[in-house]
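Report on the structure given below.
Printed below as a string of structure tokens:
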């Protein structure tokens, strides 16, 4: 489950800095059980594994190759709340070089991604239809909240 932080907690975490992890997802939804195959076993796909407690995380996605897939949707969250980190959007709205961190992808940097507390692995969920092609690079900027907590690309 993802939780929002208070302004004081945000300032404290921001002052300390953070680590980053990167995960690239390539879609071929016409391939059985690919992460882009919305009704296959590869969906949802784990992007980042969170272990040993809670982390504070900001998540951004950069579209490296435009997504295709009719009415397909895509969201990022956890198993408890599949769109808690990046809201669901229509996959074809994600064009090359757009930054996706909310329901409305932008062509410029959007520094206002919400910092969340996460204790479960971070997943990407494709809905409605297959995402047949495209590439997204996910960047997680994170900091352990509990001693020993980690976040790594899956």
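Residue numbers (this note's numbering): 45 to 198. All residues carry an ideal CB built from backbone N, CA and C; glycine is no exception. Here the structure is a predicted model, which means the values were calculated and not measured.
- Taking each of 93, 74 and 81 in turn and checking the Cα distance to residue 197, the smallest one comes out for 93.
- Taken in chain order, the whole beta strand (DSSP E) runs of length 3 or more contained in the region 85 to 149 are 89 to 95, 99 to 112, 117 to 121 and 130 to 134.
- In its chain, beyond the 5 residues on either side, 79 and 168 have a beta carbon closer than 6 Å to the beta carbon of residue 89.
- As far as DSSP is concerned, residue 172 takes part in no beta bridge.
- The beta-carbon distance between residue 69 and residue 140, rounded to whole angstroms, is 15 Å. This is too long to meet the 8 Å contact definition.
- Sixteen is the threshold: when 16 or more other Cβ atoms of the shown chains lie within 10 Å of the Cβ of residue 122, as they do, the residue is buried.
- With a cut-off of 8 Å on Cβ pairs, the region 168 to 177 is in contact with the region 107 to 127, counting three or more such pairs.
- Taking every protein chain shown into account, the CB of residue 95 has fewer than 16 other CB atoms within 10 angstroms, so this residue is exposed.
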